[in-house]
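For the protein sequence lines, the chains are D and L, in the order given.
Position in the first sequence (from 1) plus 74 gives the number in the numbering used here.
Position in the second sequence (from 1) plus 3 gives the number in the numbering used here.
Quick reminder that beta carbons are idealized off the backbone N, C-alpha and C, glycines included.
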Amino acid sequence: MPFTYNTPAQQAEMLQAIGAGSIDELFQSIPAEMQLGRPLNIPPALGELELTSHMQELARQNTDITQSACFLGAGSYDHFVPAVIDTLASRGEFYTSYTPYQPEVSQGNLQVMFEYQTLICQLTGMDVSNASLYDGGSATVEAMLMACSITRRHTKVIVLESVHPEYRQIIETYFKTIGTQVVTISDPSQLPEELDEATAAVLVQSPNFFGNVEDLSTLAEQVHDAGALLVCSVDPISLGILKRPGDAGVDIVVAEGQSLGTPLLYGGPYLGIMACREKFVRRLPGRIAGQTVDQHGNRCWVLTLQTREQHIRREKATSNICTNQGLFALRAAIYLSVMGPSGMRDVANLCLQKAHYAQQQLTSLDRFEAVTDQPFFKEFVVRDKHGDVSGLLEKAEDFNILAGVPLGKWYPQYEDCLLIAVTEKRTRDEIDQLVEVLGS
Amino acid sequence: MNAEALLYCDTHEWVFVTDEDGQQIATVGISAFAVEQLTDLVYMELPTVGAAVTGGEEFGEVESVKAVSALYSPVSGTVIEVNEGLPDNLDILNSDPYSAGWIMKVKVDGALPANLLDYDAYQRQCGESG
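Structure below.
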């Protein structure tokens, strides 16, 4: 990206145009004690050649997952991204289009959104999907807000502690300001005593943050008996083999869609997936592409149900979200099309088998034990009986293994535990090496 | 119901009040003028039975192809009945907004608000805004 600076002559011209004598005069409305009063403490400017080598030197200190075996998960996963995704998604028609929503000029993009929505509905077992939101966390809070609006209950929601801790933080941030109480429970068995007629929704994640599969059907029954809605955050890859949330009675499904064809990208931008029952469609935030016919009777696509949205409905809109994550929705649509139902089953099954092999190997060592016997999908928790999680991670790094995510940061009771994710990309050799290094 | 016998809000809802054993029951709908202005109706959200409504405040909403509009209650009280079938047959509002197109019935608390308009006054208002 070019850096365009302005010359002293240009600065003088701009100052003259706005009637300020100098830069100092321009900033005089800022109180003196708030001003730095000295130049920034940075080294002098480098020439282009020196700057290029300096940046290259810094870049060499980086590592990425092409140089390591990645067992990190916790919401972002190192799944395989077929080359066709970059090839198609980097086409200029997709890559450079900005707010591609006008039907007159955006049939290709609108068709992609419509097909993405169709694929998400098939994957989740829901009736309608929006054209995507920003990421899994923001989709989750939007779903909880949506549930409050549907049930017209604005005082209380219940969240399981096994939901991604950062998603729970986002919910707390939003709900603190609107005065809705967020009750966190550590186990589904506590649900009956907390569920009441003031509860708008219950949020569960399955597979949950620890990788364990939750009993969605039982939860759905309890939640519906109280007149509340069940919101479920899922791992889309797991739906290759697990029962679809729509078939288990979930009302609103959300997901982080990064696993569907988007690399880790150091944490984002990612893709927020959101789908619901048809009867809730008018409360669904974000864009929705619909299929219709033009004046000649040809099939075409438009944005639909726009009266929900901010640009028409202003302060009464379902949400202040007026856009979608188009490029990543496109990647997800290509990924799901390329994989197809059998490909999704294969990748899910590979994750499942490899994760179980890794878990069995690790827990067969004296040093490690499982923390639960609940079924898991591609991610699991092991406790280090020696209580030296950071030592383990450092040792593994020496062997170019990113061994897992330490849980103590979010869960004090799991201070001595590692969360380990195993995707289809991990080879048997890599898993065996992980076990050997951690066990040695 | 005869349009001329109804009272109206300046927000285009109508209300018809009957006396049942000393309790005022208000039937509420929206005027033919409102339906015409909204154009093609696609969706209506009814209040829930048992909900409290307040005169001048929202109790539901109606959506047309061009906008979503709030429905404002002419009276304060408790919703005792809603026209369940209406949202699936919004055409009724075009043909019969004052009878079959009723939206809710409310057990009225206290006296009726003083600012309700009679038919002539409402027609004058529509003439001015239309």
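- Boundaries for K108/L: no alpha helix (DSSP H) harbours it, while the beta strand (DSSP E) harbouring it runs M107 to V111, taken from the DSSP string.
- Taking a contact to require three or more Cβ pairs closer than 8 Å, the region 459-469 of chain D and the region 385-399 of chain D do not qualify as touching.
- In the DSSP assignment, M4/L falls outside any beta strand (DSSP E), carrying neither H nor E.
- Of all alpha-carbon atoms in E61/L, L41/L and G80/L, the one lying nearest the alpha-carbon of A70/L is that of L41/L.
- At a cut-off of 8 Å between beta-carbon atoms, V85/L makes no contact with chain D.
- At a beta-carbon threshold of 9 Å, the residues of chain L lying near I386/D are K69, A70 and V71, ordered along the chain.
- Around F101/D, the same chain offers Q109 as residues with beta carbons nearer than 8 Å, after the five sequence neighbours per side are excluded.
- Not one beta carbon of chain L lies nearer than 8 Å to the beta carbon of R242/D.
- Under the 10 Å beta carbon count, N118/L is surrounded by fewer than 16 other beta carbons and is classified as exposed.
- The C-beta distance from R242/D to I315/D rounds to 27 Å, too long to fall under 8 Å, and the pair is not in contact.
- Taking C-beta separations shorter than 7 Å and ignoring five residues to either side along the sequence, the partners of Q128/L in its chain run D13 and L120, following chain order.
- Here I259/D is bridged, per DSSP, to L234/D.
- Shown here, M348/D sits in a strand according to DSSP, grouped into three states.
- Per DSSP, G25/L lies in no alpha helix (DSSP H) and is assigned neither H nor E.
- Residues of chain L whose Cβ lies closer than 7 Å to the Cβ of T381/D are, in chain order, E66, A70 and V71.
- The shortest C-alpha to C-alpha distance from S72/L to any of V257/D, I386/D and S142/D is the one to I386/D.
- In terms of Cβ geometry, S76/L and V52/L do not form a close pair [threshold 8 Å].
- If you draw a straight line from the Cα of A29/L to the Cα of F354/D, it is about 30 Å long.
- Beta-bridge partners of T378/D (DSSP): none assigned.
- Interface with chain D (8 Å Cβ-Cβ cutoff): Y122/L is excluded.
- Within the DSSP secondary-structure output, L303/D pairs in a beta bridge with A275/D.
- DSSP places D43/L in the coil class of the three-state scheme, outside both helix and strand.
- For the set I311/D, R382/D and L404/D, the Cα lying nearest the Cα of S171/D is the one of L404/D.
- Judged by DSSP in its simplified three-state form, F62/L adopts strand.
- Buried is the label assigned to M218/D, since at least 16 other Cβ atoms lie within 10 Å of its Cβ.
- Taking a beta-carbon distance threshold of 8 Å, K452/D does not count as an interface residue toward chain L.
- Residue-level contact by beta carbon fails for Y101/L and chain D, as no gap is shorter than 8 Å.
- Counting of Cβ neighbours within 10 angstroms places S206/D among the buried residues, the total reaching 16 or more.
- The criterion of a C-beta distance shorter than 8 Å is satisfied by L146/D and L476/D.
- Distance check between Y340/D and each of Q332/D, D462/D and A119/D places Q332/D closest, using alpha-carbon atoms only.
- Just so you know, the alpha carbons of S98/L and I106/L end up roughly 14 Å apart.
- For K390/D, the chain L residues whose C-beta falls within less than 9 Å of its own C-beta are E64, V71 and A73, listed in chain order.
- Secondary structure of G417/D (DSSP, three-state): helix.
- Here E352/D is exposed, its C-beta having fewer than 16 other C-beta atoms within 10 Å.
- Cβ-Cβ distances below 8 Å link N80/D to M88 in the same chain, with the five nearest sequence neighbours on each side left out; the list follows chain order.
- Residue V496/D holds the alpha-carbon nearest to the alpha-carbon of L426/D among G364/D, E443/D and V496/D.
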